[in-house]
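A.B. asks: Quick note, the sequences are listed as chains L and P, same order.
Quick note on numbering: full-length UniProt numbering labels position 27 of the first sequence as 27, and the sequence is numbered without any gaps.
Quick note on numbering: full-length UniProt numbering labels position 80 of the second sequence as 80, and the sequence is numbered without any gaps.
Using N, Cα and C, we set each Cβ at its ideal position, and we do this for glycine too.
First the structure, then my questions, so here it is.
There are 2 protein chains.
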Amino acid sequence: MNFKMAESIRMLSKNTVKFIKSLHQKKFRNQEQKFFVEGEKSVVEVLNSDFRLDLLVATDSFFEKYKSLIGKSGVQVILATQNQLETLGQYQSNDSALAVVHMKTNSAFDFPKGNFVIGLDDVRDPGNLGTIIRIADWYGIKNLVFSDQTADFYNPKVIQSSMGSFTRVNFFYADLKAVFKQWNVPVYGAFLNGKNVHQMNQIQEGVILMGNESNGISTELEAVVTDKVTIPGFGEAESLNVAIATAILCDNFKRLLVR
Amino acid sequence: MNFKMAESIRMLSKNTVKFIKSLHQKKFRNQEQKFFVEGEKSVVEVLNSDFRLDLLVATDSFFEKYKSLIGKSGVQVILATQNQLETLGQYQSNDSALAVVHMKTNSAFDFPKGNFVIGLDDVRDPGNLGTIIRIADWYGIKNLVFSDQTADFYNPKVIQSSMGSFTRVNFFYADLKAVFKQWNVPVYGAFLNGKNVHQMNQIQEGVILMGNESNGISTELEAVVTDKVTIPGFGEAESLNVAIATAILCDNFKRLLVR
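Take a look at the structure:
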């Protein structure tokens, strides 16, 4: 352990506990421009990413295991017990670490020519949003755009269910209608009465647009959908979960993409 | 309201509360050979299915709305408030109903020629199992077979996340290795180093085999896998959730199925 690091190790104070607990709420995350990341895999991913860490609460064993990675980051380290960690975050069991991380400035991006963007119209469930981010990362779709009513990207459950993929995507919140009009690319919207995605031909690029868990894509946005697409059903289930449907559309669209 | 029904309406007793709460545990579900179903959609699905109901705890408004369906089933009805319902089950919010239902006898089925069976090797998370049942139902894959360590089909979270699809599938728990040997059909196992499913050709039939959330398919079962298959990744996520992967494989296999 080098001198600089030794200096930066301290114990968990009441104020720090209060501060981290406040980050469960969107209001305080936005005010502080910080969020938190829990668990070994996600904390290691964020240490390896270009996110800037504010502080790291870790058990002795996590600290020993990742000493050099932590040292390189220069982050302030607070040692804590597993019990302490578990009261800070939302994990039922966390024997490794919790990192407080600075948000990045997210600004609108241009449409990535020859690829896809995932658009989400009021996907409210944080678990769904996190799972969709992981799917996007799997399929190399690095750009996502969300309606203002979509779940908060920095919600702890979003971060958790993205399994580290949140470090590798770009996103912004916007009036989707205006964005799609400006981009002027095909908008493939998921509907129950669209074209069977198994019967589609080659695709060049476009937006894969998914709607709200209960109501689907809003009528207002439907007006800018250029192609309604449907996942063929062969049984009796009425619908698929929005994250499942996103995965199936990404898989088909990547298969159909002209390279 | 007819006489028979009026007679069968009663209030929630302490014993009934205790009984329903015991059904949260697998041990008591197996002992009683009963399980419970919560929420409007799922309870309506089970009322419309061939499952036999033991009793129905319902709010006034659910009872009024589905009076004729409930009457047809002949089930004993207990009226309760929303608060009472919420203490019985696991839903945070339940303003409709909870049904106690008799388990069905599940016995091994023959392989359904020309179709698929989903096999699960130690899928432990009840949410994943329920989601997979919903996916199977969407794709018309009515038959599932589970290793003994797979989550319990009648776990309340499985029932909840299947969104009513649990009423429409057949399943049994078994030594998968022995079953697959006996069936003597192709076993398509999901691996990270198998054949790209986008490059596969027509398929006749077979088992779609998915592994445990952390460890994948066990070495023992790997020995009876005839074809290792892989979902192509284009980004940096290390893996996909098992329910997501099941959906993508079902979608590809149904697309490739020779009819």
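(1) Give the interface partners of L:T219 over in chain P, defined as CB-CB distance under 7 Å, in chain order.
(2) Please state the DSSP three-state secondary structure of P:H24.
(3) What does the Cβ neighbour count give for L:N155, buried or exposed, with the cut at 16 atoms within 10 Å?
(4) Can you tell me which residues form a DSSP beta bridge with L:I70?
(5) If I'm right that P:I217 touches P:D121 with Cβ under 8 Å, what's the distance once you round it to whole angstroms?
(6) Whose C-beta lies closer than 8 Å to the C-beta of P:M103 among residues of the same chain, with five residues either side of it excluded?
(7) Grouping DSSP H, G and I as helix and E and B as strand, with all else coil, what is L:N2?
(8) Going by beta-carbon coordinates alone, are P:E236 and L:D137 separated by less than 8 Å?
(9) Does any C-beta atom of chain L lie closer than 8 Å to the C-beta of P:F35?
(10) Under a CB-based cut-off of 8 Å, is P:K254 close to chain L?
(11) Mind checking which residues open and close the alpha helix (DSSP H) that includes P:G127?
(12) Compute the Euclidean distance between the alpha carbons of L:L53 and L:A99, then round it to the nearest angstrom.
(13) Relative to the C-alpha of L:R134, which residue among L:V185, L:A243, L:N106 and L:S49 is closest?
(14) Determine contact between the segment 175 to 182 of chain L and the segment 71 to 86 of chain L, defined as no fewer than three beta-carbon pairs at a distance below 8 Å.
(15) Rank P:E238, P:Q204, P:F234 and P:L240 by C-alpha distance to the C-alpha of P:R255 and give the top, closest one.
(16) For L:T81, is the classification buried or exposed, using 16 other Cβ atoms within 10 angstroms of its Cβ as the cut-off for buried?
(17) Against chain L, which members of the segment 189 to 202 of chain P pass a CB distance test of less than 8 Å?
(18) Need the endpoints of the beta strand (DSSP E) that L:D54 sits in, please.
(19) Alpha carbon to alpha carbon, how far is P:N106 from P:F58? Give it in angstroms, no decimals.
(20) Ends of the beta strand (DSSP E) at P:A80?
(21) Alpha carbon to alpha carbon, how far is L:K4 from L:L69?
(22) DSSP on L:N212, reduced to helix/strand/coil?
(23) Given that a residue counts as buried once 16 or more other Cβ atoms are within 10 Å of its Cβ, and exposed if not, what is P:E64?
(24) Any C-beta of chain L within less than 8 Å: which residues of the segment 126 to 141 of chain P qualify?
(25) Leaving out five residues on either side along the sequence, give the residues of the same chain with a beta carbon under 8 Å from the beta carbon of P:I20.
(26) Would you kindly report the start and end of the unbroken beta strand (DSSP E) that includes P:L192?
(27) Using CA coordinates, which residue listed in P:N94, P:Y91, P:N48 and P:Q92 is at the minimum distance from P:V75?
(28) Are there 16 or more other CB atoms within 10 angstroms of the CB of P:V258, so buried, or fewer, so exposed?
(29) Could you pull the start and end residues of the alpha helix (DSSP H) that P:A243 belongs to?
(30) Quick one: using the 10 Å Cβ neighbour count with 16 as the cut-off for buried, is P:L192 buried or exposed?
(31) Does L:N115 come out as helix, strand or coil in the three-state DSSP assignment?
(32) Who are the Cβ neighbours of P:H198 in its own chain at under 6 Å, not counting the five residues just before and after it?
(33) Under three-state DSSP, which class holds L:T16?
(34) Please list the partners that L:A247 has in chain P, where partner means a Cβ-to-Cβ separation under 8 Å.
(35) Out of P:M163, P:G119 and P:N241, which has the shortest C-alpha to C-alpha gap to P:T150?
(36) Can you find a CB in chain L that lies within less than 8 Å of the CB of P:E236?
C.D. replies: The short version:
(1) For the purposes of this step, residue 219 of chain L is taken as the residue at position 219 of the first sequence. Per Cβ cutoff of 7 Å: no residues; L:T219 is ~24 Å from chain P at best.
(2) Mapped onto the second sequence, residue 24 of chain P falls at position 24. Three-state DSSP puts P:H24 in coil, outside helix and strand.
(3) Counting from one through the first sequence, the residue named residue 155 of chain L turns up at place 155. Buried is the call here.
(4) Position 70 of the first sequence holds residue 70 of chain L. According to DSSP, L:I70 bridges with nothing at all.
(5) Reading the second sequence from its first residue, position 217 is the one you call residue 217 of chain P. Reading the second sequence from its first residue, position 121 is the one you call residue 121 of chain P. The C-beta distance from P:I217 to P:D121 rounds to 5 Å, short enough to fall under 8 Å.
(6) For this step, residue 103 of chain P is matched to residue 103 along the second sequence. Within the same chain, R29, Q33, K34, F35 and Y154 come within 8 Å of P:M103 by CB-CB distance, once the 5 residues on both sides are set aside.
(7) Position 2 of the first sequence, counting from 1, holds the residue named residue 2 of chain L. Residue confidence is low: L:N2 scores 45 on pLDDT, short of 50, so the model does not pin down where it sits. Its coordinate-derived value is still stated next. Note: L:N2 maps to coil in three-state DSSP.
(8) Within the second sequence, residue 236 of chain P is the residue found at index 236, counting from 1. Within the first sequence, residue 137 of chain L is the residue found at index 137, counting from 1. Annotated as proximal: P:E236 and L:D137, with beta-carbon spacing under 8 Å.
(9) The sequence position of residue 35 of chain P within the second sequence is 35, counting from 1. By this cut-off, P:F35 is not an interface position.
(10) The sequence position of residue 254 of chain P within the second sequence is 254, counting from 1. Yes, because at least one Cβ of chain L sits closer than 8 Å to the Cβ of P:K254.
(11) Looking up residue 127 of chain P in the second sequence gives position 127. Taken as a continuous stretch (DSSP letters only), the alpha helix (DSSP H) holding P:G127 covers P126 to W138.
(12) Locating residue 53 of chain L in the first sequence gives position 53, counting from the first residue. Locating residue 99 of chain L in the first sequence gives position 99, counting from the first residue. Taking the straight line from one Cα to the other gives about 7 Å.
(13) Sequence index remark: in the first sequence, residue 134 of chain L carries index 134 (1-based). When only C-alpha atoms are compared, the closest one is L:A243.
(14) No: the two stretches stay apart, fewer than three of their Cβ pairs being nearer than 8 Å.
(15) Walking along the second sequence from the start, residue 255 of chain P turns up at place 255. With respect to the C-alpha of P:R255, the residue from P:E238, P:Q204, P:F234 and P:L240 having the closest C-alpha is P:Q204.
(16) Translated into positions along the first sequence, residue 81 of chain L becomes position 81. Classified as exposed, L:T81 has fewer than 16 neighbouring CB atoms from the shown chains inside 10 Å of its CB.
(17) Under the 8 Å Cβ criterion, the segment 189 to 202 of chain P contributes H198.
(18) Here residue 54 of chain L refers to the residue found at position 54 when the first sequence is read from its first residue. Here the beta strand (DSSP E) through L:D54 covers L53 to A58.
(19) Reading the second sequence from its first residue, position 58 is the one you call residue 58 of chain P. Reading the second sequence from its first residue, position 106 is the one you call residue 106 of chain P. Note that residue 58 of chain P is Ala in the sequence shown here, rather than Phe. Rounded to whole angstroms, the gap between the alpha carbons of P:A58 and P:N106 is 28 Å.
(20) Here residue 80 of chain P refers to the residue found at position 80 when the second sequence is read from its first residue. Counted as a single uninterrupted DSSP element, the stretch harbouring P:A80 is not any beta strand (DSSP E), since DSSP gives it neither H nor E.
(21) Here residue 4 of chain L refers to the residue found at position 4 when the first sequence is read from its first residue. Here residue 69 of chain L refers to the residue found at position 69 when the first sequence is read from its first residue. The predicted model places L:K4 with a pLDDT of 47, which falls under 50 and marks its position as unreliable; any figure quoted below should be read in that light. Rounded to the nearest angstrom, the two C-alpha atoms are 14 Å apart.
(22) Taking the first sequence and counting its residues from 1, one reaches residue 212 of chain L at position 212. L:N212 falls in the strand class under three-state DSSP.
(23) Working through the second sequence from its first residue, we reach residue 64 of chain P at position 64. That one is exposed.
(24) Result list: T131, R134, I135, A136, D137, W138, Y139, G140 and I141.
(25) Taking the second sequence and counting its residues from 1, the one referred to as residue 20 of chain P is at position 20. Excluding sequence neighbours, P:I20 sits near F36, V57, L88, G89, L98 and V100.
(26) Within the second sequence, numbered from 1, the residue matching residue 192 of chain P stands at position 192. Looking at the DSSP string, the run of the beta strand (DSSP E) that includes P:L192 is V187 to N196.
(27) Locating residue 75 of chain P in the second sequence gives position 75, where the first residue counts as 1. Nearest neighbour of P:V75 by Cα position, chosen from P:N94, P:Y91, P:N48 and P:Q92, turns out to be P:N48.
(28) Reading the second sequence from its first residue, position 258 is the one you call residue 258 of chain P. Here P:V258 is exposed. Its C-beta has fewer than 16 other C-beta atoms within 10 Å.
(29) Residue numbering aside, residue 243 of chain P sits at position 243 when the second sequence is read from its first letter. For P:A243, the enclosing alpha helix (DSSP H) has its first and last residue at V242 to L256.
(30) Counting from 1 along the second sequence, the entry for residue 192 of chain P is found at position 192. Counting the other CB atoms within 10 Å of its CB gives P:L192 a total below 16, which places it among the exposed residues.
(31) Along the first sequence, one-based indexing puts residue 115 of chain L at 115. It is coil, neither helix nor strand.
(32) What you label residue 198 of chain P is simply residue 198 of the second sequence in a count that begins at 1. Hits under 6 Å: P232.
(33) Along the first sequence, one-based indexing puts residue 16 of chain L at 16. L:T16 falls in the helix class under three-state DSSP.
(34) Counted from its first residue, the first sequence places residue 247 of chain L at position 247. Annotation: Cβ neighbours of L:A247 in chain P (cutoff 8 Å, chain order): L240, I244, A247 and I248.
(35) By 1-based counting over the second sequence, the position of residue 150 of chain P is 150. For the residues P:M163, P:G119 and P:N241, the minimum Cα distance to P:T150 belongs to P:G119.
(36) The residue you call residue 236 of chain P lines up with position 236 of the second sequence. It does; some Cβ of chain L falls within 8 Å.
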